[in-house]
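Participant:
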Amino acid sequence: MIALLNREMNAAMRATDVREKGAILGLDLHTEPPEYFSKTIRDDFDKWGKLAREINFKPQ
Amino acid sequence: MRYPNKIIRVAAAVFSCLLANVAWAQNYPAKTIRVIIPGATGDTCDTMLRLIGHKFMEKTGYSFVMDNRPGAVGQIGLQFIAQAPADGYTIGCGQGGNMVIIPLAYKKVAYDSIKDFAPISLIASNYLALAVPATSQFKTTRELITFAKAQGCDRVIKP
Chain Y
1 MIALLNREMN AAMRATDVRE KGAILGLDLH TEPPEYFSKT IRDDFDKWGK
51 LAREINFKPQ
Chain C
1001 MRYPNKIIRV AAAVFSCLLA NVAWAQNYPA KTIRVIIPGA TGDTCDTMLR
1051 LIGHKFMEKT GYSFVMDNRP GAVGQIGLQF IAQAPADGYT IGCGQGGNMV
1101 IIPLAYKKVA YDSIKDFAPI SLIASNYLAL AVPATSQFKT TRELITFAKA
1151 QGCDRVIKP
């Protein structure tokens, strides 16, 4: 199911009007496999978590 | 679109909580798929998901219904997705802010961004910019940081 949704989602992302709308919104559009999304989230956790520790940020 | 300066990446992404089951995955989707948008009509997630959803429907004939559930910077919508049955009929959109920053910034968050969702696609990334008025005394980030430190600001982040 995930593979199917990913494939069709990426096909939609390649449509000209979708790309144009993305450009207007200032977005870089992606068409990678699902793992790329997981990795992005994990990398973002690492990056911002590191910053939070450096500035001694305490969760509210 | 490319920006020359160091960028802050914000992930706008779609995911769903699913457990693959080959027997019924073969007829998937057998009914309308609900798409949770954890924001108001017209925000970036909403605009892109509606556009992509429309393309998706045109090509595949699948039926989607968009369901805006704004509130608490997306936490309301993400909590709804996390608690929905993992059958592939509730999918949604998350962003860097509500999937990464909120779990780091708050002690109590009703979802675990890593464990509670199964990723489908990263849709887009965009940028955050630090801006000052043209008339500002600050011409560089360094000048702004120096000024902030002089004011006693103890949370200055290295550029």
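Top line first, the protein sequences correspond to chains Y and C.
As numbered in the numbering used here, residues 1 to 60 make up the first sequence, in order.
As numbered in the numbering used here, residues 1001 to 1159 make up the second sequence, in order.
Glycine included, C-beta positions come from ideal geometry on N, C-alpha and C.
Note that the structure is predicted; figures quoted are calculated from it, not measured.
1) Which residues bound the alpha helix (DSSP H) around Y:ALA11?
2) What does the alpha-carbon distance come out to for the pair Y:THR16 and Y:LEU29?
3) Taking C-beta pairs closer than 8 Å, name the residues in chain Y that C:ASN1126 reaches, listed in chain order.
4) Starting from C:CYS1093, trace the beta strand (DSSP E) in both directions and tell me its first and last residue.
5) Compute the beta-carbon to beta-carbon distance between C:LEU1049 and Y:PHE37, rounded to the nearest angstrom, for a pair I have assumed lies under 8 Å.
6) How would you write the range of the alpha helix (DSSP H) that Y:SER38 sits in, first residue to last?
7) For Y:ASN10 versus Y:PRO34, is the C-beta spacing smaller than 7 Å?
8) Who pairs with C:CYS1068 in a beta bridge, going by DSSP?
9) Which residues does DSSP pair with C:PRO1133 in a beta bridge?
Facilitator: Taking the structure as given:
1) First-last of the alpha helix (DSSP H) with Y:ALA11: 2–13.
2) If I take the Cα positions, the gap works out to 12 Å.
3) LEU25, GLY26, LEU27, ASP28, listed in chain order.
4) In the DSSP assignment, C:CYS1093 falls within the beta strand (DSSP E) that extends over 1087–1095.
5) Contact doesn't hold; Cβ gap of about 15 Å is too wide.
6) Taken as a continuous stretch (DSSP letters only), the alpha helix (DSSP H) holding Y:SER38 covers 34–54.
7) No; because the gap between Cβ atoms is not below 7 Å, this pair is not in contact.
8) Checking the displayed sequence, the identity of residue 1068 of chain C turns out to be Asn instead of Cys. C:ILE1037, per the DSSP bridge assignment.
9) Beta bridge pairing from DSSP links C:PRO1133 with no other residue.
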